[in-house]
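*Asks:* Read in the working numbering, the sequence shown has 228 at position 41, and its numbers run on one by one without any break.
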Amino acid sequence: MSSKLPKPKRDLRPKGRMHPLILAFLLAAGGTTKTTTTIMLGTILALRGYTVRIFDLDAQCNASEIANRGPDDLAESDFTVWDLITGEATLEEATVQARMWNGAEPEDWDPEVDGEWDEYLAIPNLFIVPGDERMKNLEKHFASNHSDFSWLYDQTMKYRTGELTARENEVWLMDLPANYGQITLSTITAMDEDDEVIPPVLVTGKEAKQLEKLLIELREVTHHYRNKSLPARATVHNILLCGTPTSSHNAAEYQRTVDEIEEAHGDRVLPHVRYSGVAAGQYRQKAPVAITDPKSRPTQDYNLVADCLGFPDLEPEAAA
Ligand SMILES: Nc1ncnc2c1ncn2[C@@H]1O[C@H](COP(=O)(O)OP(=O)(O)O)[C@@H](O)[C@H]1O
Ligand SMILES: [Mg+2]
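#1: Roughly how many angstroms separate the alpha carbons of T224 and N289, rounded to a whole number?
#2: CB-CB under 7 Å to A395, same chain, minus the five flanking residues each way: which ones, in chain order?
#3: Thinking just about the alpha-carbon of each residue, which of E440, H424, V423 is nearest to the one in T431?
#4: Over what stretch of residues does the beta strand (DSSP E) that includes G430 continue unbroken?
#5: For the candidate residues W359, K194, V268, L402, whose alpha-carbon lies nearest to that of I226?
#6: Within this structure, are the beta carbons of A421 and D381 separated by less than 7 Å?
#7: Can you look up N490 in the DSSP assignment and give me helix, strand or coil?
#8: Measuring from the CB of N366, is there a heavy atom of ligand 2 at a distance below 6 Å?
#9: Below 6 Å, is the gap between the Cβ of V460 and the nearest heavy atom of ligand 1?
#10: For G218, is the beta carbon positioned less than 6 Å from some heavy atom of ligand 1?
#11: Quick one: what's Y307 bridged to in DSSP?
#12: In its own chain, which residues sit with a C-beta less than 8 Å from the C-beta of W296, not counting the 5 before and 5 after it?
#13: What are the start and end residues of each continuous beta strand (DSSP E) run of 3 or more residues lying completely inside the region 211-275, in chain order?
#14: What residue does the beta strand (DSSP E) around D381 start on, and which one ends it?
#15: Under 8 Å, with one C-beta from each stretch per pair, do the region 311-320 and the region 228-245 reach the 3-pair mark?
#16: Measuring CB atoms only, is the region 254-267 touching the region 366-386, in the sense that at least three cross pairs come out at less than 8 Å?
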């Protein structure tokens, strides 16, 4: 089992830092729970009183869809992460509140008496910079617009120079695609040693090897950028194992993956997120499981993960 214990509240502004802490979920393998983890942790931190901004950096826009801010939910005039990166929108303009689908209007609902049915409910404290299918053209865009590569670093500079002020307890979560392409590079080169890349490993998949590749990749990025103007010092302090065996979902093969990773990285392994069929539900329900199913296994497990990452509830009395 993981030896991690709940941590006291993490200093979100270490060394006088002005811009929000950045946590990026990255592993170069598809379907390894990057998006699930981004949404679950984002929602839990938001419920605990942090201000959370999710950047959906994957052209597949899965995180945005769960937040009901996917391509089909946006109006022509709405901005996305593509507009932010290409300089068409400011961060505030490109940020919207995450929502959850409230279901169809109930049959006994009478708009004349009950008022207009709310199709969506806002999720307090949870914001998203919506994804964009055009992100698959980003390599081409950077090739002819070199200066946009530092888009994230440029955003952090606005806080460093005082042009923008971060909300107290604001955290940024980056949902990355499954590769080390330009969007991943442009994100991790903006991160310094206080920021974290957290790899989520789905132990029922084949991507455990990708963990070692990620650590090598991050070292190479840091080395490559050591004399350049970008910080590029993101590190891995925590590793998340998801889909770990349970009594009803046991398989020696999955347990072997857990054992191998714990042997190699024991002190970095977060409490396990156990295997659960419930996790998939948030794609269909278009609402975070942490809200729709607060007693479920994934909700319990991600709450422990949030404790061990140093994000205690900021208003424990209010929840009690
Ligand atoms: N704890 C879990 N147990 C079982 N399946 C999970 C768990 N967490 C996520 N999944 C499922 O794994 C699949 C991939 O998750 P997703 O978050 O979309 O991965 P990625 O963003 O890395 O591509 C989804 O079908 C999701 O529902
Ligand atoms: Mg994803």
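Virtual Cβ for every residue (Gly too), placed ideally from N, Cα, C.
For clarity, every value in this text was computed on a predicted model and none was experimentally measured.
*Replies:* Reading it off the structure:
#1: Locating residue 224 in the sequence shown gives position 37, counting from the first residue. Locating residue 289 in the sequence shown gives position 102, counting from the first residue. Roughly 22 Å separates the two Cα atoms.
#2: By one-based count along the sequence shown, residue 395 stands at place 208. So the list reads V388, T444, E447, I448, once near-sequence residues are dropped.
#3: Your numbering for residue 431 matches position 244 in the sequence shown. Checked all of E440, H424, V423; the closest Cα to T431 is E440.
#4: The count along the sequence shown starts at 1 and reaches residue 430 at position 243. Per DSSP, G430 belongs to the beta strand (DSSP E) from 427-431.
#5: Here residue 226 is taken as the residue at index 39 of the sequence shown, counted from 1. The candidate whose alpha carbon is nearest that of I226 is W359.
#6: Along the sequence shown, one-based indexing puts residue 421 at 234. Along the sequence shown, one-based indexing puts residue 381 at 194. Not in contact: A421 and D381 (Cβ atoms no closer than 7 Å).
#7: The residue given as residue 490 occupies position 303 in the sequence shown. N490: helix per DSSP, three-state reduction.
#8: For the purposes of this step, residue 366 is taken as residue 179 along the sequence shown, with counting starting at 1. N366: no, Cβ never under 6 Å from ligand 2.
#9: The count along the sequence shown starts at 1 and reaches residue 460 at position 273. True, at least one ligand heavy atom lies under 6 Å from that Cβ.
#10: Walking along the sequence shown from the start, residue 218 turns up at place 31. Under cutoff, so the answer is yes.
#11: Mapped onto the sequence shown, residue 307 falls at position 120. Partner(s): W288.
#12: On the sequence shown, position 109 is the one that residue 296 refers to. Closer than 8 Å at Cβ, skipping near neighbours: W304.
#13: 238-243
#14: By one-based count along the sequence shown, residue 381 stands at place 194. Neither: D381 is in no beta strand (DSSP E) and is coded neither H nor E.
#15: yes
#16: no
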